[in-house]
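Residue numbering for the sequence shown follows full-length UniProt numbering, starting at 1 and increasing by one per position.
Beta carbons are placed, not taken as given, at the ideal position from N, Cα and C, and that holds for glycine.
Since this is a predicted model, take the numbers as computed values, not measurements.
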Amino acid sequence: MRLNNFLSPESIAILGASNDKSKVGRKILDNVLKNKNFKVFPINLKEKNIAGVKAYDDIKKLPLKNFASLLLVVAIPARFVADELEKAAKIGVKNVVIISAGFKEADLSGKRMEDRIIEIAQKNKMNILGPNCLGFINNKNNLNLSFSDFLVDKKIKRKDNIAFISQSGAIGSAVLDWLKNKNIGLSYFVSLGNKAILNENDFFDFFYLDKQTDLVVAYLEEISDGGRFLEIVSKIAKIKPIAILKAGRTSVGSQMAMSHTGSLAGSNEATLTALKRSGAIVLENISQIYNLMRIMKGPLEISSNNLAIVSNAGGPAVLSADEAFENNLVLDNFSKDIGLKLKKELPGFAHIKNPLDILGDADSNRYRKTLDLVLSDKKVESILVLLTLQSMTDAKNIAEVIVDLKNKYKNKLITTCFLGGVGVSEAKKVLADNLVSNFDSVEDAISVLAKVLNYYKNRKSLVSYENKPNKFPLDYKKEKIVVDYLDSFKFFKKYKIDIVETKKIGRENVDKIKYPIVIKFVGPDFIHKSDKGAVFLNIKNSSEVKKIIDRFNQDIKSEKISSDNYAVFQKMIKGDLELILGLKNDNVFGHIIMFGLGGIYTEIFKDINFELIDVDKKRITEMIKKIKSYPILKGARGKKGVDFNSLISLILKFVKMVRENPQISEIDLNPILISEGKAKITDVRIVL
1 MRLNNFLSPE SIAILGASND KSKVGRKILD NVLKNKNFKV FPINLKEKNI
51 AGVKAYDDIK KLPLKNFASL LLVVAIPARF VADELEKAAK IGVKNVVIIS
101 AGFKEADLSG KRMEDRIIEI AQKNKMNILG PNCLGFINNK NNLNLSFSDF
151 LVDKKIKRKD NIAFISQSGA IGSAVLDWLK NKNIGLSYFV SLGNKAILNE
201 NDFFDFFYLD KQTDLVVAYL EEISDGGRFL EIVSKIAKIK PIAILKAGRT
251 SVGSQMAMSH TGSLAGSNEA TLTALKRSGA IVLENISQIY NLMRIMKGPL
301 EISSNNLAIV SNAGGPAVLS ADEAFENNLV LDNFSKDIGL KLKKELPGFA
351 HIKNPLDILG DADSNRYRKT LDLVLSDKKV ESILVLLTLQ SMTDAKNIAE
401 VIVDLKNKYK NKLITTCFLG GVGVSEAKKV LADNLVSNFD SVEDAISVLA
451 KVLNYYKNRK SLVSYENKPN KFPLDYKKEK IVVDYLDSFK FFKKYKIDIV
501 ETKKIGRENV DKIKYPIVIK FVGPDFIHKS DKGAVFLNIK NSSEVKKIID
551 RFNQDIKSEK ISSDNYAVFQ KMIKGDLELI LGLKNDNVFG HIIMFGLGGI
601 YTEIFKDINF ELIDVDKKRI TEMIKKIKSY PILKGARGKK GVDFNSLISL
651 ILKFVKMVRE NPQISEIDLN PILISEGKAK ITDVRIVL
C-alpha cells in the first residue's frame, strides 16, 4: 500500500521545530514525543537541543542510512519550503508533510511557490500532504503528527475504527474537539490542505484495504479527479460505509450556460449525482458528521431500512413515523409471535403496531420487557427508543435498562431520543458514558438513521464505477460552439434516433408543404427560441407562412438579427406531455445526463433527475421513475401512457452517441413530445 510508510514512518524529522512553545513546529514535536517508539529529529538552524532532543541544523546531517523511511514535516515560512524540499529530494526523502501556509490559498506568488513544490515532488516521486494543513493522526500507533491536542488528553482511550479526512483545517479541528468531548476515537485523521500531491483519493485507496477502518468520513471543498474518485468510493461503499460532506453547492458558471441543461445541471447537481451513484452516504451539514460518527462507531450487521420505534407517548411516536416516512424508512409491524407476547405484557388498550406506544405510565420494568421482546424479533435490526419525562418516568433507570440491552443485543443498532432538559440529564449521562447514541430531537435521530439504514439496504445492489478518463475536459476559457441546427438533426439521424423531420423554409417552397406546420427561427440569435417569440405553432396555410417569413427577412435586412439565422419548419404534432433529455460535460465528473418534465417551464418546475453517462437499462428506468411526473407518464386522466420501451431505447441511443462523441459539451432535447404514447424529438441544441 502506497501510504503505509507515510502514515506509519520509522523516523520523523521536523523542520521548524523550536524551543519557542508558541511555534507550530514545537507543538507538533511535543505531540510526536508523546510516543517514545519513534526516532524524532528536530531541525533548526540555531538550536542544538529542543525539548530535550538533539537538534540538527541540516537534514543532510541526520544519522540515517535510508532516508526513504523518514517522514519529513515542514513548518517554516512558505518562501523557504521549495529549497528545503529540493535538498530533501536529493538525499532520497519520499514522504513529506507541509504544514506551512501562504501558498496558492494566499495569492499568485504563493501559487507559483506551490507549483514549484509540485514540480519537485513529481520529478522525485514524493508523497506530499499539504501544504497549508494540520498534518495527520494515526491513532492505531498513537502518532499525533499534527498541532491538534486530540491524543494529548488521556481521556481519549477509545480507538474506534473511524477514518476522518478534512480539506478544511478549521472543520477538522472542530470535529476532533467534538470527538474528544464525546469520547469517540478515530483510526486516522488526515488534514488535506491544498492537495498539491496527495488528495482524498490516495487516502481513500488506503482506507479501502485498511482492516482497522470500518467507516470513512470526509469533508471536501473540491473533488480531485472525478473518475478516480467515483471508482474508489464505489469500491469502498460495497464493503464499508463512506460518508461525504461536500461544500460549495453553488456555481456562478451555471449563469453562463447556453442550454436549459447547463443551467439546471450545475456543479452541485453533478456532485450529488456522482455521490449517489458511488453509493456514498451524502451528508448535508457538520452536525450530520457528528451524528453519523456517534451511530457508526463500529461495524453494523444491518440488511434493511426497517426501523422499530418504541415510545412512552403518542405525540413523539407520530412525529417519528412522519419523519421516517419522509426519509424513506420502513416501519414494519412486528413478527406475529412477538406481537402476541407484547399484547400480554402491555396494558389492554395499547395498540401493538410500529411505532409502539407503551403509554405514559411506562416504568423501567415495562421498558425492559417491551424492548427485550422487540429486540428479540428477527425482523428488527435497528430500534429508536423515545422517552418523554412524565411524573412516573424513572428516566435514569430506563437509561440503565437500555445499556443492559445494548450489551445483550450487540449486533443490533440501538439509538435513543430522551426529550427534555434537566429532568433527563442524569439519564443522558448514563447513555453517553456507555456509548449509547442519544439525540435531543426526533428529527435529528431519524435523519441520520435514515442515511445509515438506507445505505445498508442499498449496499448489495451497488455497482462499481469504471474510471474512463474524460478525453475532452471542459475548458472554461474556450468559447463554446453551438452546432448548426439542421446539422444537429442530421447527427441524430445518423444514430437512428427518432427525430421529427425538419427542413429550411422560405417564400419559394410554401405551396409544396403539407399543413399544419410549426415554423422556428434558428441560429445564433435564437438560443432560447420560445423566449424570443421565434416558435410559431399550428400554421395552416401559405399566406400565414409568408407573413412570418417576411417579418423574418425584414429583421435581417434591418440588421436586428444576423443573416446567419434561418427559418425551418416541421409537421405540427399534438403532444400530451413535453419531456426534456439533456447532457452536460461536468469538469470533475464528465458527462451528466438529465431527464424530466420539459417545455418552456422546465427551469421553473425543475421536475428532473440526473445520472452519470455510464447508465444501463435498469438505471435509466430508475431515473424515469424518480421524476414527480412519473404517474402522468404511466397514463392519467384518460391519456395514454408512454411507451417506456421506446423511451428507454431513445435514451440508450442518446448515451451511445455521447460516448462516441466525447467532445460534446451540452445537449438539449426540449421538448420531446409524447404523442399517442410515442416520444418524438422536436428540438435539438448541441454545444461543443
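Buried/exposed call for residue i, threshold 16 Cβ in 10 Å
i           : result
LEU108      : exposed
GLU301      : exposed
GLN663      : exposed
HIS591      : buried
ASN328      : exposed
ASP322      : exposed
ASN139      : buried
LYS94       : buried
PRO671      : buried
LEU577      : buried
ILE604      : exposed
GLY262      : Model confidence at GLY262 stands at a pLDDT of 49, short of 50, so the residue's coordinates are unreliable; what they give is reported in the following sentence. GLY262 should be labelled buried.
GLY172      : buried
GLY297      : According to the sequence displayed, residue 297 carries Lys and not Gly. Under this definition LYS297 is a buried residue.
GLU200      : buried
VAL684      : buried
GLU611      : buried
ARG637      : exposed
residue 702 : Missing from the structure shown is residue 702; the chain here goes from 1 to 688 and no further.
Sub-9 Å separation of residue i and residue j beta-carbons
i      : j      : result
LEU33  : ALA51  : yes
GLY596 : ASP607 : yes
ILE98  : GLY193 : yes
ILE527 : ILE539 : no
ILE117 : VAL73  : no
ASN31  : ASP149 : yes
ASN132 : ALA101 : yes
LYS584 : MET572 : no
LEU186 : PHE207 : no
THR393 : ILE295 : no
ILE28  : PHE203 : no
SER267 : ALA218 : no
LEU386 : PRO355 : yes
MET113 : ALA78  : yes
Contact belief for residue i with residue j at Cβ below 8 Å, rounded distance in angstroms
i      : j      : result
ILE128 : ALA174 : That pair is no contact at about 25 Å.
LYS246 : THR213 : That pair is no contact at about 20 Å.
LEU688 : LYS480 : 7 Å
SER342 : PHE334 : Before going further, note that residue 342 is Leu rather than Ser in the sequence given. Contact flag correct, Cβ pair sits at about 7 Å.
LYS428 : PHE418 : 6 Å
GLY248 : GLU221 : 6 Å
ILE383 : VAL310 : 7 Å
VAL330 : ASN305 : 5 Å
PRO316 : THR388 : 6 Å
Proximity to residue i [Cα-Cα], best of the options
i      : options                           : result
VAL500 : ASP484, ILE517, ALA101 and VAL452 : ILE517
VAL452 : LEU186, LEU215, GLY102 and GLU84  : LEU215
GLY279 : TYR465, GLY169, LYS90 and PHE489  : TYR465
ILE242 : TYR455, GLN570, ALA636 and PHE521 : TYR455
SER391 : LEU449, ALA313 and GLU323         : ALA313
ALA324 : ILE446, LYS46, ASP683 and MET623  : ILE446
ALA89  : LYS60, SER146, ILE681 and ASN306  : LYS60
GLU508 : ASP202, LYS496, LEU449 and VAL545 : VAL545
GLY582 : ALA308, LEU652 and GLY533         : LEU652
ALA308 : ASP337, LYS344, ILE286 and LYS353 : LYS353
ASP57  : LEU71, SER18, SER22 and VAL24     : SER18
ALA75  : TYR188, PRO63, VAL684 and PRO42   : PRO42
ASP83  : LEU15, ARG26 and ASN66            : LEU15
LYS344 : ASN467, LEU331, LYS369 and VAL330 : LYS369
Same chain, Cβ closer than 8 Å to residue i, five either side skipped, listed in chain order
i           : result
SER69       : ASN5, PRO9, GLU10 and SER11
GLU400      : SER364 and VAL430
HIS351      : ASP357
residue 689 : Look at the range of the chain in this structure, 1 to 688, and you will see that residue 689 is not part of it.
Cutoff 6 Å; reference residue i; Cβ partners in own chain excluding five residues on either side
i      : result
GLN570 : VAL500, THR502 and VAL518
ASP205 : ILE232
LEU7   : ASN138
ASN434 : VAL403
GLY420 : LEU389
Neighbourhood of residue i by C-beta, 7 Å cutoff - its chain only, sequence neighbours within 5 removed
i      : result
SER542 : VAL510 and ASP511
GLY677 : LYS640, GLY641, VAL642 and ASP643
LEU375 : ILE383, LEU405, TYR409 and LYS412
MET256 : With a pLDDT of only 39 at MET256, under the threshold of 50, the placement of this residue in the model should not be trusted; the figure read from the coordinates follows. The answer is none, since no qualifying residue turns up.
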